[in-house]
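Residue numbers (the working numbering), protein chains in the order written: chain D, 25 to 369; chain C, 50 to 560.
No residue lacks a Cβ here, since even glycine has one placed at the ideal position from N, Cα and C.
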């Protein structure tokens, strides 16, 4: 173990730990844009810089390994000045339309500007002027808001493996885009949405939730995806009685926050007007609405009329364990073992 | 093998590609040139319906080249000699003739698999939806055991379950032969345990499978059918046969979240709550039991399936008084040794537990068969290659194989109702090889007719390199193009799984 001091508190960590991880252990918050523990470290955004005594320059804490006896200051004057300058430069070229931006309340650029008291930039130069890419049905890409942290690029290459987006051009003209600067649907993108969840600012916005609620108004419910058998954890965003968004649950042991297009964007069937809302009974050839009592009485009567072995049931690969358990208990209690489901299909 | 993982289990597909980047080797066996084939060290593009021959061929090379794990075979298994004798004739050259896979590639795959410190086999319905599916799974078990790839991390045989809770539905006794935790209904001790717990007299005769139930309706054996959250009218093989059964059955109850093609045939339809509208547990493909939580209320008068079942049971005089899913789970844990140590409290605290988890202090089981197999010694089973039930001929010269695409799920009852998913993939395209398309004058997007001995559908053509000459691929997501009117309902004699992955068809351009 290696011991070091951060903001006057000492801490012991593994020798391969970074300053950022050591600070996390002490509960000391260091702002970051380009850092994600699941991805390659690039140390590009310089937001996480800290002052290390006896070191000449400020160090990027996300990718600087700890050393025994290190003395670190995470909010020294030099550090604060550097972070402010960084933010000053970032917002010089960032649309400040926070009033209507979907990311407001969950935007790290906004949070850090708030923390360091930056309301406008001292620099007045060119602004990026890219057209919105909203041709796919899942999310909008507004590259005018992109701060080039590269989280989406690394997520796409390192987690998904699709490698659909990459940096194009250099310097001020740098832009994250798909091959030939085409819309995503012409690329290898599989719309898993993990770039959307990785984006620290409002450059990538899911279409489904637009105008449906601010982050602080939303209840978050952790659950499991209803599609394939991988069992990915999802966090559903709920306002009132409506699911307005979803993202991968990073605490899920099965999926560690990863998603595919169905889990990430395919939850709006819940609100489909086609949902069944009341029991139906066939009368004169037509299915007509009925009360629960009438429907269940009819089923009970019909089930009593047949022998147990003349009754069959299909349980379901979609419903819960508890429900499948009760289904087979019901059928078997009526004398029928004719219980199966679509495991074979 | 027989798994288009990046589309059907995308997150597992990411992990496979990540493992490859970290230095793992990847062998892909599939009739189609799927995305994973681009990442593979060896791609075995076999003819549909020839899995068993390919696996026997790989085992043949492993034995011939002495790449087997002889210590594992001696200590942990039995029946090796019979199996080894059975694969003797499956030389790579012989197997090349059956599968179309070059003998050199079979050797290369065998050396890679056997040479790995640990190697896992991942498969889905490409293996099982064949009339010889059970035998093929046994061949896979032979392959894993002959190399000692069982009972250790990152190895074994991993059938990837296709639906969120298909594992749980099986675990909970949603099968004709077993109660929860695979306790057989014809086992006297199990039967009397459940009779005592439920306070009823139970039937010890195994019931019928889904395919047999449909046949049972047609021969008058089954008079009433209760379908909960399933859509056999699109998912089952040879739909005409299924529809005939759904029309004929005297009383059909369907409980679902939408008026599916099956529900439209029902006498009574019950509106159910969807996943985000109730509490419960799902068990995933790694046997991990995880909490499902309620986010919103169900629409209108729709109710959670467990509540509907309880109310119906009480109408039938059963006096069920479950206070909620937690209460039901406690009963499951009491009656199911593999689930005995799992509780809602632990799931909330620990975030998911993999069965077997026999006691409250058991951490769950990451992988099975460590030290010994469930039956003691691992049994090698000699298996022979058998051709598919329906082979191509002059009238039906092409092979149709079916599956899913990334953007839709099963019969589309949920994804077709999702606006972005349906907007992105609104219609079905049949994948047709360039050679077949050129021969018949078919261009991309042309309307074509695909017909089999059982029916026909019209569909747009996607002329592609993904399928080889002589093979057509279609999904079963679209009710407008119900591919299962074409498929063959001949079943595997043991698992009773229909041969959805191979049937003979002909292709014509329309107009």
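**Request:** Identify which residue in C/491, C/139 and C/97 has its Cα closest to the Cα of residue 112 of chain C.
**Result:** Counted from its first residue, the second chain places residue 112 of chain C at position 63. Ranking C/491, C/139 and C/97 by Cα distance to residue 112 of chain C puts C/139 first.
**Environment of residue 241 of chain D [buried if 16+ CB atoms lie within 10 Å]** = Translated into the one-based positions of the first chain, residue 241 of chain D becomes position 217. With fewer than 16 Cβ atoms within 10 Å of its Cβ, residue 241 of chain D is classed as exposed.
**Asked** Can a CB atom of chain C be found closer than 8 Å to the CB of residue 340 of chain D?
**Response** Position 316 of the first chain, counting from 1, holds the residue named residue 340 of chain D. Yes, contact with chain C.
**Request:** Take the Cβ of residue 232 of chain C as the centre, count every other Cβ of all protein chains shown within 10 Å, and call the residue buried at 16 or more, exposed below.
**Result:** Within the second chain, numbered from 1, the residue matching residue 232 of chain C stands at position 183. Buried, since its Cβ has 16 or more Cβ neighbours within 10 Å.
**Asked** If residue 403 of chain C and residue 503 of chain C are in contact, beta carbons under 8 Å, what's the gap, nearest whole angstrom?
**Response** Counted from its first residue, the second chain places residue 403 of chain C at position 354. Counted from its first residue, the second chain places residue 503 of chain C at position 454. Actually they are not in contact, since the Cβ atoms of residue 403 of chain C and residue 503 of chain C sit about 41 Å apart, beyond 8 Å.
**Asked** Under a three-way DSSP split, which group does residue 259 of chain D fall into?
**Response** Residue mapping note: residue 259 of chain D aligns to position 235 of the first chain, counting from 1. Residue 259 of chain D falls in the strand class under three-state DSSP.
**Request:** Under 7 Å between beta-carbons, which chain D residues line up against residue 329 of chain C? List them in chain order, please.
**Result:** Mapped onto the second chain, residue 329 of chain C falls at position 280. Simply 344, 345, 346 and 347.
**Item:** Closer than 8 Å to chain D by CB, residue 307 of chain C
**Value:** The count along the second chain starts at 1 and reaches residue 307 of chain C at position 258. Yes - at least one Cβ of chain D is within 8 Å of the one on residue 307 of chain C.
**Asked** What are the boundary residues of the beta strand (DSSP E) that residue 304 of chain D is part of?
**Response** The sequence position of residue 304 of chain D within the first chain is 280, counting from 1. 304–307 is the extent of the beta strand (DSSP E) around residue 304 of chain D.
**Prompt:** Which one or two residues does DSSP pair with residue 340 of chain C in a beta bridge?
**Reply:** Position 291 of the second chain, counted from the first residue, corresponds to residue 340 of chain C. Residue 340 of chain C is bridged to C/330.
**Prompt:** Taking 8 Å as the CB-CB limit, is residue 90 of chain C close to chain D?
**Reply:** Within the second chain, residue 90 of chain C is the residue found at index 41, counting from 1. So no, residue 90 of chain C is outside the interface.
**Request:** Return the residue from the list C/214, C/518 and C/58 that minimises the CA-CA distance to residue 341 of chain C.
**Result:** As a working note, residue 341 of chain C is residue 292 in the second chain. For the residues C/214, C/518 and C/58, the minimum Cα distance to residue 341 of chain C belongs to C/214.
**Request:** Given a cut-off of 8 Å, decide if residue 152 of chain C and residue 142 of chain C are closer than it, judged by their beta-carbon atoms.
**Result:** Residue mapping note: residue 142 of chain C aligns to position 93 of the second chain, counting from 1. Residue mapping note: residue 152 of chain C aligns to position 103 of the second chain, counting from 1. A contact, by the Cβ cut-off of 8 Å.
**Item:** Limits of the beta strand (DSSP E) - the one that residue 28 of chain D falls within
**Value:** Numbered from its first residue, the first chain carries residue 28 of chain D at position 4. Per DSSP, residue 28 of chain D belongs to the beta strand (DSSP E) from 26–30.
**Request:** Give the straight-line distance between the Cα atoms of residue 535 of chain C and residue 209 of chain C, rounded to the nearest whole angstrom.
**Result:** For this step, residue 535 of chain C is matched to residue 486 along the second chain. For this step, residue 209 of chain C is matched to residue 160 along the second chain. Cα to Cα, residue 535 of chain C sits roughly 25 Å from residue 209 of chain C.
**Asked** Taking just the CA atoms, how far does residue 142 of chain D sit from residue 108 of chain D?
**Response** As a position in the first chain, residue 108 of chain D is number 84, starting the count at 1. As a position in the first chain, residue 142 of chain D is number 118, starting the count at 1. Spanning the two alpha carbons is a distance of roughly 7 Å.
**Item:** Coil, strand or helix - residue 97 of chain D by DSSP
**Value:** For the purposes of this step, residue 97 of chain D is taken as the residue at position 73 of the first chain. DSSP places residue 97 of chain D in strand when its eight states are reduced to three.
**Asked** Going by other Cβ atoms of all chains shown within 10 Å of its Cβ, with 16 needed for buried, is residue 559 of chain C buried or exposed?
**Response** Translated into positions along the second chain, residue 559 of chain C becomes position 510. With fewer than 16 other Cβ atoms within 10 Å, it is exposed.
**Message:** Buried or exposed, going by whether 16 or more other CB atoms sit within 10 Å of the CB of residue 203 of chain C?
**Reply:** Residue mapping note: residue 203 of chain C aligns to position 154 of the second chain, counting from 1. Exposed.
**Prompt:** Grouping DSSP H, G and I as helix and E and B as strand, with all else coil, what is residue 556 of chain C?
**Reply:** Working through the second chain from its first residue, we reach residue 556 of chain C at position 507. Residue 556 of chain C: strand per DSSP, three-state reduction.
**Simplified DSSP state of residue 62 of chain C, which is helix, strand or coil** = In the second chain, residue 62 of chain C corresponds to position 13, counting from 1. Helix.
**Request:** Check the C-beta distance from residue 361 of chain D over to residue 255 of chain C and give it rounded, since I have them as a contact under 8 Å.
**Result:** Against the first chain, residue 361 of chain D aligns to sequence position 337. Against the second chain, residue 255 of chain C aligns to sequence position 206. Confirmed, about 6 Å.
**Prompt:** For residue 49 of chain D, which residues from the same chain have a beta carbon less than 7 Å from its beta carbon, with the 5 sequence-adjacent residues on both sides left out?
**Reply:** Numbered from its first residue, the first chain carries residue 49 of chain D at position 25. Contacts found: 35 and 37.
**Prompt:** Looking at chain C, which residues of the stretch 299–316 of chain D have a Cβ within less than 7 Å of any of its Cβ atoms?
**Reply:** 299, 300, 301, 302, 303, 304, 305, 306, 311 and 316
**Prompt:** Grouping DSSP H, G and I as helix and E and B as strand, with all else coil, what is residue 218 of chain D?
**Reply:** For this step, residue 218 of chain D is matched to residue 194 along the first chain. Three-state DSSP puts residue 218 of chain D in a helix.
**Message:** Buried or exposed, going by whether 16 or more other CB atoms sit within 10 Å of the CB of residue 458 of chain C?
**Reply:** Translated into positions along the second chain, residue 458 of chain C becomes position 409. It is buried - the Cβ of residue 458 of chain C has at least 16 other Cβ atoms within 10 Å.
**Item:** Interface partners of residue 292 of chain D on chain C, CB under 9 Å
**Value:** For the purposes of this step, residue 292 of chain D is taken as residue 268 along the first chain, with counting starting at 1. Chain C residues near residue 292 of chain D: 466, 467, 468, 469 and 470.
**Request:** Apply the 10 Å Cβ neighbour rule to residue 359 of chain C and answer buried if 16 or more other Cβ atoms are within range, or exposed otherwise.
**Result:** Position 310 of the second chain, counting from 1, holds the residue named residue 359 of chain C. It is buried - the Cβ of residue 359 of chain C has at least 16 other Cβ atoms within 10 Å.
**Asked** So is residue 264 of chain C in contact with chain D if we call contact Cβ pairs under 8 Å?
**Response** Walking along the second chain from the start, residue 264 of chain C turns up at place 215. No, residue 264 of chain C does not count as interfacial toward chain D.
**Which of helix, strand or coil DSSP assigns to residue 67 of chain C** = On the second chain, residue 67 of chain C is found 18 positions in, with the first residue counted as 1. Helix at residue 67 of chain C.
**Item:** Residue span of the alpha helix (DSSP H) that contains residue 409 of chain C, given as start and end
**Value:** Within the second chain, residue 409 of chain C is the residue found at index 360, counting from 1. Premise fails: residue 409 of chain C is in no alpha helix (DSSP H) and is neither H nor E.
**Message:** As an exercise, report each continuous alpha helix (DSSP H) stretch of at least 4 residues that is fully enclosed by the stretch 377–456 of chain C, in chain order.
**Reply:** 393–399
**Asked** Between the C-alpha atoms of residue 352 of chain C and residue 356 of chain D, what's the straight-line distance to the nearest angstrom?
**Response** By 1-based counting over the second chain, the position of residue 352 of chain C is 303. By 1-based counting over the first chain, the position of residue 356 of chain D is 332. Taking the straight line from one Cα to the other gives about 23 Å.
**Message:** I believe residue 466 of chain C touches residue 515 of chain C by the beta-carbon criterion, under 8 Å. Please report the beta-carbon distance rounded to the nearest angstrom.
**Reply:** Reading the second chain from its first residue, position 417 is the one you call residue 466 of chain C. Reading the second chain from its first residue, position 466 is the one you call residue 515 of chain C. Not really, about 27 Å apart at Cβ, beyond 8 Å.
**Prompt:** Can you give the Cα-Cα distance for residue 248 of chain D and residue 146 of chain D, rounded to whole angstroms?
**Reply:** One-based indexing of the first chain puts residue 248 of chain D at position 224. One-based indexing of the first chain puts residue 146 of chain D at position 122. Roughly 47 Å separates the two Cα atoms.
**Prompt:** Got a sec: is the Cβ-Cβ distance from residue 354 of chain C to anything in chain D below 8 Å?
**Reply:** Along the second chain, read from residue 1 onward, the residue named residue 354 of chain C stands at position 305. Chain D contact via Cβ: present.
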